[in-house]
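Report on one structure; see the data block that follows.
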Amino acid sequence: QCIGPSMLPTFNIRGDILVTERLSVKLGKIRVGDVVMARSPSDPRMVVCKRILGLEGDTITVASDKGGSTKFYHLQIPKGHVWLQGDNFHKSRDSREYGPVPSALLQGRVFYRIWPPQGWGFVGRIPSQSV
Amino acid sequence: MLWKSLSDVAGRGAAIVQCVCFMDVFSNHVLQIQQCIGPSMLPTFNIRGDILVTERLSVKLGKIRVGDVVMARSPSDPRMVVCKRILGLEGDTITVFYHLQIPKGHVWLQGDNFHKSRDSREYGPVPSALLQGRVFYRIWPPQGWGFVGRIPSQSV
Numbered sequence: 001q002c003i004g005p006s007m008l009p010t011f012n013i014r015g016d017i018l019v020t021e022r023l024s025v026k027l028g029k030i031r032v033g034d035v036v037m038a039r040s041p042s043d044p045r046m047v048v049c050k051r052i053l054g055l056e057g058d059t060i061t062v063a064s065d066k067g068g069s070t071k072f073y074h075l076q077i078p079k080g081h082v083w084l085q086g087d088n089f090h091k092s093r094d095s096r097e098y099g100p101v102p103s104a105l106l107q108g109r110v111f112y113r114i115w116p117p118q119g120w121g122f123v124g125r126i127p128s129q130s131v
Numbered sequence: 001m002l003w004k005s006l007s008d009v010a011g012r013g014a015a016i017v018q019c020v021c022f023m024d025v026f027s028n029h030v031l032q033i034q035q036c037i038g039p040s041m042l043p044t045f046n047i048r049g050d051i052l053v054t055e056r057l058s059v060k061l062g063k064i065r066v067g068d069v070v071m072a073r074s075p076s077d078p079r080m081v082v083c084k085r086i087l088g089l090e091g092d093t094i095t096v097f098y099h100l101q102i103p104k105g106h107v108w109l110q111g112d113n114f115h116k117s118r119d120s121r122e123y124g125p126v127p128s129a130l131l132q133g134r135v136f137y138r139i140w141p142p143q144g145w146g147f148v149g150r151i152p153s154q155s156v
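Residue numbers (the numbering used here), protein chains in the order written: chain A, 1 to 131; chain B, 1 to 156.
The structure is reproduced here in structure tokens:
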């Protein structure tokens, strides 16, 4: 289950029930845009649900709106790491806060939603409309 | 006749599957035997590889202390498991060549071999979720039988 505001509008605050597959992570076949479940780097007992916006070696541009103005900075993702970010730009604690995440923390790739019923279907590599 | 021997085979097959499942669960959640190869833990562990017993419970319960030797997934290569000593826990301030406070949810891993170890001095504090188990006993080489303590030991 993925609860919380960080993946709006793709997933709901109250919690969507998802099916994750473990093979992609184990085989290293994760792509940019995949939604994954990962252990949080700041709390080892917590599992978070975020989207992969960059893989090792990629240079990504991060938008940060701290202090009122929007700043952009570039970052190269180190070897063995990925960049996790929630679909909800304003309310998500993710790599913008704790930096690139070691890929070994990834647990599985979210590929199907089974709850709420009107949200049945595959989870794609771009953020979707709210349900 | 045929039916009886088929059910014998099925019975044995089921027993083997149960055994394998039990061993898998046991080694992932209780005790595991692993090897630690390489120069990074000299003089405590040998280059050619020592065989160690790791226990999983301390990590799962969060009861890891400074000085423990742990197995962890490498932050720079998710397929690699490394064997290092914990020199700092979250919130601790450690001194490397500079002072550094270890962020929440992280630990500082360092090999006993100061000069030849790729560890947190290279990849920074490591998220505790990468820790797999605590090394507590060595079973190979035979002259090295015994508990693995919280300070580096003499070479064997």
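All residues carry an ideal CB built from backbone N, CA and C; glycine is no exception.
Compare the C-alpha of residue i against each of the options and name the closest.
| i | options | result |
| --- | --- | --- |
| R45/A | P142/B, G144/B, A129/B | A129/B |
| D58/A | L8/A, R31/A, I3/A, V19/A | R31/A |
| K26/A | R113/A, L106/A, D43/A, F72/A | L106/A |
| S120/B | R73/B, V9/B, Q18/B, P141/B | R73/B |
| F157/B | T95/B, K60/B, S7/B, V69/B | The displayed coordinates of chain B run from 1 to 156. Any statement about residue 157/B would go beyond what the structure contains. |
Quick one: what's got a C-beta closer than 7 angstroms to residue i's C-beta in the same chain, skipping five residues either side?
| i | result |
| --- | --- |
| T10/A | D87, P127, S128 |
| P75/B | Y123, V126, L130 |
Rounded to whole angstroms, what's the CA-CA distance from residue i to residue j? Just pull it up for me.
| i | j | result |
| --- | --- | --- |
| L100/B | F22/B | 43 angstroms |
| R14/A | P102/A | 28 angstroms |
| L57/B | L109/B | 19 angstroms |
| S117/B | S40/B | 4 angstroms |
| P100/A | L53/A | 10 angstroms |
| G119/A | M80/B | 38 angstroms |
| V110/A | E21/A | 7 angstroms |
| Y98/B | D24/B | 43 angstroms |
| R125/A | I51/B | 43 angstroms |
| S155/B | T95/B | 26 angstroms |
Once the 5 residues before and after residue i are set aside, which same chain residues still bring their CB inside 8 angstroms of it?
| i | result |
| --- | --- |
| R96/A | V62, S64, Q85 |
| V66/B | I86, L87, G88, L89, D92, R150 |
| Y73/A | T61, V62, S64 |
Assuming the contact rule is C-beta atoms closer than 8 angstroms, residue i and residue j should be a hit. Round their C-beta distance to whole Å, please.
| i | j | result |
| --- | --- | --- |
| R134/B | T44/B | That pair is no contact at about 14 angstroms. |
| G49/B | Q34/B | Actually they are not in contact, since the Cβ atoms of G49/B and Q34/B sit about 10 angstroms apart, beyond 8 angstroms. |
| I102/B | G91/B | 6 angstroms |
Taking only runs of the beta strand (DSSP E) that begin and end inside the stretch 7-48 of chain A, which ones reach a length of at least 3 residues, in chain order?
17-21, 35-39
Would you list, in sequence order, the uninterrupted beta strand (DSSP E) runs of no fewer than 3 residues that lie entirely inside the stretch 83-156 of chain B?
93-95, 99-101, 106-110, 131-140
Ignoring anything shorter than 3 residues, give me the beta strand (DSSP E) runs that lie fully in the stretch 44-131 of chain A, in order along the chain.
47-54, 59-64, 71-76, 81-85, 106-115
Threshold first: 4 residues or longer. Then list the alpha helix (DSSP H) segments lying entirely within the stretch 3-71 of chain B, N to C.
57-61
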